[in-house]
Structures are given as C-alpha cells and as structure tokens.
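**Student:**
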Amino acid sequence: MTTLEIAALKVSIGGKEILRGVDLALEAGRVHGLAGESGSGKTMTGLAVLGLLPHGARVSGAVRLGGRDLLALPLKELNRVRGGEVAMVFQDPATSLHPMLTVGRQLTEHMRHHLGLGKAEARARAVELLGKVRIPGPAEAYGRYPHQFSGGMRQRIAIAIALACSPKVLIADEPTTALDVTVQAGVLRLLRGLCDELGLAVLLVTHDLGVMSAVADEVSVMRDGLVVESGPRGRVLREPEHPYTRSLLESLPDAEAR
Amino acid sequence: MTLPTTLLAIDDLVVEHRSPGRPAVRGVAGASLSVSPGEVVGLVGESGCGKSTLARAVCGLNPITAGSIAFDGQPVTPLGLRRRKLTGIQMVFQDPYASLNPRRRVGDQIADGLRTSGDTATSPADLLERVGLPRDFAGRHPHEFSGGQRQRIAIARALAARPRLLIGDEPISALDASAQSQVARLMRDLAVDSGAGLLFISHDLSVVRLIADRIAVMYLGRIVEVGDTAEVWASPRHPYTQALLRAVPRPDGMGTLPEELPGDVPDPADPPGGCRFSPRCPFVMDVCREKEPEFGPVACWLHEPR
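Residue numbers (our numbering), protein chains in the order written: chain A, 1 to 258; chain B, 1001 to 1306.
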C-alpha cells in the first residue's frame, strides 16, 4: 500500500534545475533508501515533501499523501501535515534540537498543537516516547537540556520528537552520519524496529551504502536530480543495472581490497 | 643517546582536564604509541575516548600530567604563546571552516609555513599544485572554496613548514562523503612521499583501513590494541575492536543489521575498576574486574603475553 507518492517532482533554484523529475513511492512499514553523492538532490527531495525548500525555489510535479497533493496545499493546511502526518529527522542532532529548551518542552509543544493534548497528557506521552527510544530514566530526561545528552541519545530524542504525533511518513536525512559506528548500529536498529512496529513509511536519505544495505527494503539511486535506478535492496546492491550504481559500489573501500 | 628509529614515542601518557569544583578528568590515561618516519598510523575510537586530547598533547597544545612524549628523542614541551621551536610537527584540524583565517589570502597563509621552514625556493602556488588545486587560487580567500578544497589548503599550509610528523585530527569528518577518501589518500601520499610520519585520527574505520599501515584502537583514554592494519581488520583480538568492526554495516545487500555494543561509554571522570572495557565486555572474567591489563599489543586478559 502506497502511503506517499512523489511524481515527476521538479525543483529549480535560481534558474538551476536541482531535481529533474523524481518519482518515488513510500509504502507503510517499509524503509525506502535514497542514495547518491552529495549534490545529487537526495536532501532536496526530502525537503520538497515537507515544503521546506529554500526561498525562491520553483516546484512542479506532485507529492500525494492520502488523496491530497502536498505541493498544492495552502500553508495553513500544510502546517497540519508537517510534524503531524509527515515528520523529519535531520542529520545533526546538535543543531536540530533547541539548546535552550528542555527535551520535554520540545517533545510536547507540537503534540499539544497537533493533537490538542493537555499538559499532563502530553507529558505522559512524552515520557512514554522517551522510554520507547530507550533513553535511560525517561522521567528525569524529560526535564533535561540537549547538551546533557550524548550524540546518540540526542538523535534518539530527535526521533522521539518526530514520532510524537504518530506520523505516517518519516523522512530521515542522514540520521546516523554524525554518530560513531557503535552508536549508529543502535540508532539503525531503533529505526528499523519502529518502522516495523508502527507501520511507518520511512524515506532514509544516506550516502552510506552500508547503512542502506542494513535497513532499507527498497533502494533508489539518485544522480544529478534524477533517479537512475530503483528496486529491492538485494538486487540493486548485488546486481546493479545502472553503470552509476556499479561505480558507486566499486568506489567503496571494501571493493578495492577485494 | 642512540639515533632514534622512531620519530614519535609516546610513553604511558596521562593528560588530565581540570575544571574548578570537579574531579580531574583523565582524557588520556596511560597511552603508549610510536610513529616511525614514513609510517602512517591510524588512531580510531569512539568520540570522547581521548583521541583528540592525545593529538593535542603531541602538538604541545595540552599540558601533560604524567608520562612522556618524545619527538626525535627530544621531549615535547607545551607550546609558547609567541614562539615555537617545534615546527617539525604540524597538525591539520577537523574543521577547515574554522582553521583557516577568513581575512587572509590562502597564499599568504601558506607562505607563513614556508617562512618557518626557511624555504625560499618553493612558492605557495607550488604547494597548491601539490594538493591538486590550480596555482592561481593563491590570491583567493577561504570563503571562495568548498570544504574539500579548504581542507586541501589546510594540508598545503601544514606541509609548507616541512613537517617530519603530520597529524590529522579527524581531518575528513567535516567533509562530504565523496571528498573524504580523496583527502585521506592525499594526506597519506604527501606525507609518505616527503618521508614524514602521519598520525591519522578518525572515527571512520573504513577510511583508516584504506590509508594506515598500523591501527591503534583507543577506548576511554587507553590504547587497547595496536597492530598491522590488515591483521587487525581480518582478525581483531581485543573484544572492543571486535565489537567496533562488527558495528560497521557492510554493503552486501543482505539486510543484516549491524551489531550493537551493549551499554554506554562510561564517564571518564569515574572509570570502572580493572579493565575499562569490562562492564561492556561479552567475555568478561573475574580478573578483568580486578586488575587493569597493562600490557600490549592487545590490552586484554584473554591475550596476556606469556
């Protein structure tokens, strides 16, 4: 079942074409990986879904979610989708969390807005979420500030914030790039588990094909604003059809040592 | 004294961070390591394990609490405010957006290094060419360059002083994935070509494996395993090294989730007794909780030398 569909998405900024017709379909309970080098348009695709493109960007095509086209929605309705039905996790938890607000405040603000929860209800749900992403001592963590947590913990908190309003779609833009490998392993396991448990449709943007191989079900490879190859993980990574995918796989340190 | 065959010898180094009202934190707690001329040593470990503190101590940027660092047989002294005798060690820092002076032309910044080494024959443009940039970039300012280009300029500036030991403190972690292995390989080639040693610090095992001759693995202020890169990669002996390598996801298309290392890195202000890895180690024995394994190359009671 397709939850979110991106069709013929084109984005140009200042006359320069960044995306040149991207088609992707995200399914519930599946992780869709988006790979490619920097500058290939991976991040822009994620941002376009949420209408977070830089000022002056021109967009065409469609992003369909539950019978609506997100690109055509008025701002007020789009705001109901953002953080509610579609949530995002950014690369660097050190900058995506507000340094001067407590974790609890950042976890409950959008819940109260989107779900209309009361203070106590929101707090109870926030503590539950912190437990779900395995933050030790969730009740105490609620009142702490981001700098009191390690990088991996901060990214877990960012994931908890994204999940707070029970979204249908989660966009994760390089969620583990800023983390150590041992911590990355934990965050990847968490993402995969949440995707299976909650039936989330996840768009995982990453340049790391190892990460891709570990969690993604479907893999799409982007280059110069176009999806050049798309298919099940096993096929794309083991029997790539497009020469660009092959060159990406060959440039890995592991391939060289072979 | 005999002629030193090792360029840099770190022996039982201890570096403490002091802050008022708190106990001193041992960033580096008894680490020993050596680098020979023309050798590339990769230092890996999780964030907060003391890699950067060790590198800064080698450069004289952090005062030493105990132990010794010898460069060419001479002890490394803390860096003075204005004068530095020790130009044989040069460092490339993590963030090229912060390490280059934004108000000076890159050619002038490289020329500073040339002046230190008394080199009048080489021009900044020659060095730019060596790091793979066009010669006419010397007249530009840092903001005109991308992250990868800036890091190349930082490398050119470090090389200008003719170092015999080059230190890279996470020099690639601020760069794009596509630029990372290029810059790492460039550093290796330039250091080895000039006969200098390279101490390359990174948390990215796959890159270190690509360029290092030897790998040293650090955990909570101590070096737990040192060995030949291929050997360590193929058959890691310390349980921590094993866990670290198992956590690297492999692009085989099989969908295997990388293994998670249970627990968190303990607080370096209050390290566990005995072996520092014992609370997280899957093979923990009684002796591990009581005595710290103070031997090498694998600091683990399972691999005690007899």
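Cβ atoms here follow ideal geometry from the backbone N, Cα and C, with glycine treated the same way.
Predicted model, so just to flag it, every value in this text is computed and none were measured.
#1: Please list, in chain order, the chain B residues whose beta carbon lies closer than 7 Å to that of Thr-102 of chain A.
#2: So, with DSSP's three-state summary, where would you put Ser-1052 of chain B?
#3: How far does the beta strand (DSSP E) with Ser-1123 of chain B in it extend, from its first residue to its last?
#4: Within 8 Å of any Cβ in chain C, is that where the Cβ of Leu-204 of chain A sits?
#5: Along chain A, which residues have their Cβ under 8 Å away from the Cβ of Glu-1023 of chain B?
#6: Note down, in chain order, every chain A residue with its Cβ under 8 Å from the Cβ of Gly-1253 of chain B.
#7: Would you say Leu-1302 of chain B and Phe-1283 of chain B are within 8 Å of each other, going by their C-beta atoms?
#8: What are the start and end residues of the alpha helix (DSSP H) that includes Ser-1099 of chain B?
#9: For a cutoff of 8 Å on Cβ pairs, would you count Gly-186 of chain A as touching chain B?
#10: Would you mind giving the Cβ-Cβ distance between Ala-160 of chain A and Leu-130 of chain A, rounded to the nearest angstrom? I have them listed as a contact below 8 Å.
#11: Which partner residues does Glu-27 of chain A have in the DSSP bridge list?
#12: With 8 Å as the threshold, decide whether the Cβ of Val-181 of chain A is near any Cβ in chain B.
#13: Can you tell me where the beta strand (DSSP E) with Tyr-1219 of chain B in it begins and where it stops?
#14: Should Pro-1258 of chain B be flagged as near chain A, meaning a C-beta pair shorter than 8 Å?
#15: When you check each C-beta in the segment 52-85 of chain A against every C-beta of chain B, which residues fall closer than 8 Å?
#16: Residues in the same chain with beta-carbon distance under 7 Å from Arg-1289 of chain B, minus the five sequence neighbours each way, listed in chain order, please.
#17: If we cut at 8 Å on Cβ distances, does Gly-151 of chain A have a partner in chain B?
#18: Sorted by chain position, which residues of the same chain lie with C-beta nearer than 6 Å to Leu-1003 of chain B's C-beta, five sequence neighbours on each side aside?
#19: Name the DSSP bridge partner or partners of Val-1284 of chain B?
#20: Could you compute how far the alpha carbon of Val-86 of chain A sits from the alpha carbon of Ile-171 of chain A?
#21: Identify every residue that forms a DSSP beta bridge with Asp-208 of chain A.
#22: Identify, in the order they occur along the chain, each residue of the same chain with its Cβ nearer than 6 Å to the Cβ of Arg-64 of chain A, setting aside the five sequence neighbours on each side.
#23: Mind pulling the chain B residues with CB within less than 8 Å of Leu-209 of chain A?
#24: To test your reading of the DSSP string, which unbroken beta strand (DSSP E) runs of 3 or more residues are found completely within the segment 4-88 of chain A?
#25: Using 8 Å for Cβ pairs, my map puts Pro-1251 of chain B next to Leu-19 of chain A. What's the rounded Cβ distance?
**Tutor:** For this structure:
#1: Reading the first sequence from its first residue, position 102 is the one you call residue 102 of chain A. By Cβ distance, chain B contributes nothing, its closest Cβ being about 21 Å from Thr-102 of chain A, past 7 Å.
#2: Position 52 of the second sequence, counted from the start, is the residue given in the question as residue 1052 of chain B. DSSP places Ser-1052 of chain B in the helix class (H, G or I) of the three-state scheme.
#3: The sequence position of residue 1123 of chain B within the second sequence is 123, counting from 1. Counting along the chain, Ser-1123 of chain B sits inside no beta strand (DSSP E), nor does DSSP assign it H or E at all.
#4: No chain C is part of this structure, whose protein chains are labelled A and B.
#5: Within the second sequence, the letter at position 23 stands for residue 1023 of chain B. Here the sequence assigns Pro to residue 1023 of chain B, which means Glu is not the residue at that position. Against chain A, the beta carbon of Pro-1023 of chain B has no neighbour under 8 Å; the closest one sits roughly 18 Å away.
#6: As a first step, residue 1253 of chain B must be located in the second sequence, where it is residue number 253. Ser-213, Arg-233, Gly-234, Arg-235, Val-236, Leu-237, Arg-238, listed in chain order.
#7: The count along the second sequence starts at 1 and reaches residue 1302 of chain B at position 302. The count along the second sequence starts at 1 and reaches residue 1283 of chain B at position 283. Their beta carbons are under 8 Å apart, which means Leu-1302 of chain B touches Phe-1283 of chain B by this criterion.
#8: As a position in the second sequence, residue 1099 of chain B is number 99, starting the count at 1. Taken as a continuous stretch (DSSP letters only), the alpha helix (DSSP H) holding Ser-1099 of chain B covers 1096-1099.
#9: Here residue 186 of chain A refers to the residue found at position 186 of the first sequence. True, the Cβ-Cβ gap to chain B drops below 8 Å.
#10: For the purposes of this step, residue 160 of chain A is taken as residue 160 along the first sequence, with counting starting at 1. For the purposes of this step, residue 130 of chain A is taken as residue 130 along the first sequence, with counting starting at 1. Contact flag correct, Cβ pair sits at about 6 Å.
#11: Numbered from its first residue, the first sequence carries residue 27 of chain A at position 27. Per DSSP, A:Thr-2.
#12: Within the first sequence, numbered from 1, the residue matching residue 181 of chain A stands at position 181. For Val-181 of chain A, the answer is yes, since a Cβ of chain B falls inside 8 Å of its Cβ.
#13: For the purposes of this step, residue 1219 of chain B is identified with residue 219 of the second sequence, where counting begins at 1. Looking at the DSSP string, the run of the beta strand (DSSP E) that includes Tyr-1219 of chain B is 1214-1219.
#14: Position 258 of the second sequence holds residue 1258 of chain B. It does: the Cβ of Pro-1258 of chain B has a partner Cβ on chain A nearer than 8 Å.
#15: Taking 8 Å as the cut-off between beta carbons, none of the residues of the segment 52-85 of chain A comes near chain B.
#16: By 1-based counting over the second sequence, the position of residue 1289 of chain B is 289. So the list reads Gly-1273, Gly-1274, Ser-1278, once near-sequence residues are dropped.
#17: Residue 151 of chain A sits at position 151 when you count from the first residue of the first sequence. Cβ-Cβ to chain B under 8 Å: yes for Gly-151 of chain A.
#18: Position 3 of the second sequence, counting from 1, holds the residue named residue 1003 of chain B. Residue placement at Leu-1003 of chain B is poorly supported in this model, since its pLDDT is 46, which falls under 50; the coordinates still yield a value, given next. Counting only Cβ-Cβ distances below 6 Å, and skipping sequence neighbours, we find nothing.
#19: Indexing the second sequence from 1 puts residue 1284 of chain B at position 284. Its beta-bridge partners do not exist; DSSP assigns none.
#20: Counted from its first residue, the first sequence places residue 86 of chain A at position 86. Counted from its first residue, the first sequence places residue 171 of chain A at position 171. Val-86 of chain A and Ile-171 of chain A: Cα-Cα distance of roughly 7 Å.
#21: Within the first sequence, numbered from 1, the residue matching residue 208 of chain A stands at position 208. Partner(s): none; Asp-208 of chain A has no beta bridge.
#22: The sequence position of residue 64 of chain A within the first sequence is 64, counting from 1. Within the same chain, and ignoring the five residues on either side of Arg-64 of chain A in sequence, the residues whose Cβ sits closer than 6 Å to its Cβ are Glu-5.
#23: Position 209 of the first sequence, counted from the start, is the residue given in the question as residue 209 of chain A. Residues of chain B whose Cβ lies closer than 8 Å to the Cβ of Leu-209 of chain A are, in chain order, Pro-1251.
#24: Annotation: the segment 4-88 of chain A contains the following complete segments of the beta strand (DSSP E) (minimum length 3 residues), in chain order: 16-27, 31-35, 57-65.
#25: Reading the second sequence from its first residue, position 251 is the one you call residue 1251 of chain B. Reading the first sequence from its first residue, position 19 is the one you call residue 19 of chain A. No, Pro-1251 of chain B and Leu-19 of chain A are not in contact; Cβ-Cβ is about 25 Å, not under 8 Å.
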